[in-house]
Ligand SMILES: [Zn+2]
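In the numbering used here, the protein residues as written are 344 to 590.
What follows is the structure, encoded as structure tokens:
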């Protein structure tokens, strides 16, 4: 369910809550003739907020932009690469590409992934953000209610244009402490995510430090070879991307 962001319009003094600004046009005999209205910033913001909310994107990322991503050393290259993807999101999709952002915690991987979702949403693509451990847990539950949730997720994984799943491998910490659970996480990633998604853009985020190598160790050779076909592996290094206390 998406939230209601119409207050953004109501509170706007620039357009008086109409969402449009009329530029005064040429003066005719009958008086002032108005030109085509232009969209007010508040309307653009409301449309974007609604799309992000429908896509389950965390609120604290709505107002950030790629420029808030602090760069030093190797991170400048990462930022440039994401900027490139964002500036031509349609061709990224048409090429059937996916991404694994990997590297230590607190380096801004989630933010980069969400910037890609925003670019996709602004072009009218459907988006979804979620946490891998949470969806995995939903899939392992039993019972009628659980089946309903599972169906809902299946629908999302099958149909959404751009999918981000954060915290891959955290399920090992949260829910799957034994071998059997580890095996079902592997199957879940392989069958329900990678196979279902095919060539639709899927962005996975993990704190695993060695990218594909760690994927192979923890999710098996088959998953690793599937991913090596259409995934781009982006190592996000560094300590902290936060600037001026922003999230
Ligand atoms: Zn306005």
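Quick reminder that beta carbons are idealized off the backbone N, C-alpha and C, glycines included. Keep in mind the model is a prediction, meaning the values are calculated, not measured.
Sequence ranges, beta strand (DSSP E) only - wholly within the region 439-497, length at least 3
441-445 and 470-474
On the criterion of 16 or more Cβ atoms from any shown chain inside 10 Å, does residue 422 qualify as buried, or is it exposed?
As a first step, residue 422 must be located in the chain shown, where it is residue number 79. Counting Cβ neighbours within 10 Å, residue 422 comes out buried, since at least 16 surround it.
Which residues mark the beginning and the end of the alpha helix (DSSP H) in which residue 530 is found?
Translated into the one-based positions of the chain shown, residue 530 becomes position 187. Here the alpha helix (DSSP H) through residue 530 covers 522-530.
Just to confirm before moving on: does the CB-CB distance between residue 459 and residue 429 stay below 8 angstroms?
Here residue 459 refers to the residue found at position 116 of the chain shown. Here residue 429 refers to the residue found at position 86 of the chain shown. The answer is yes: Cβ separation under 8 angstroms.
Give every residue whose Cβ lies closer than 5 angstroms to any heavy atom of ligand 1, listed in chain order.
355, 357, 358, 383 and 385
For the beta strand (DSSP E) holding residue 507, just list the boundary residues, first then last.
Sequence index remark: in the chain shown, residue 507 carries index 164 (1-based). Where residue 507 is concerned, the enclosing beta strand (DSSP E) stretches over 505-511.
Between the beta-carbon of residue 500 and the beta-carbon of residue 531, is there less than 8 angstroms?
Indexing the chain shown from 1 puts residue 500 at position 157. Indexing the chain shown from 1 puts residue 531 at position 188. No; because the gap between Cβ atoms is not below 8 angstroms, this pair is not in contact.
Three or more beta-carbon pairs under 8 angstroms between the region 475-489 and the region 443-458, yes or no?
no
Starting from the C-beta of residue 544, find all residues in its chain whose C-beta is less than 6 angstroms away, skip the five residues before and the five after it, and write them out in chain order.
For the purposes of this step, residue 544 is taken as the residue at position 201 of the chain shown. Taken in chain order, the residues that qualify are 436, 441 and 505.
Buried or exposed: which applies to residue 416, given that a residue is buried once 16 or more other Cβ atoms fall within 10 Å of its Cβ?
By one-based count along the chain shown, residue 416 stands at place 73. Answer is exposed; the Cβ neighbour count stays below 16.
Quick test of the definition: if touching needs 3 or more C-beta pairs under 8 angstroms, does the region 346-362 touch the region 383-398?
yes
When DSSP labels each residue in this structure, what does residue 597 get in the three-state scheme?
Residue numbering for the chain in the displayed model covers 344 to 590; residue 597 lies beyond these limits and cannot be assessed.
Within 10 angstroms of its Cβ, does residue 463 collect 16 or more other Cβ (buried), or is it exposed?
Looking up residue 463 in the chain shown gives position 120. So residue 463 counts as buried.
Below 6 angstroms CB to CB, which residues in the same chain sit around residue 533 once its five sequence neighbours on both sides are set aside?
Within the chain shown, the letter at position 190 stands for residue 533. Same-chain partners within the cutoff: 566.
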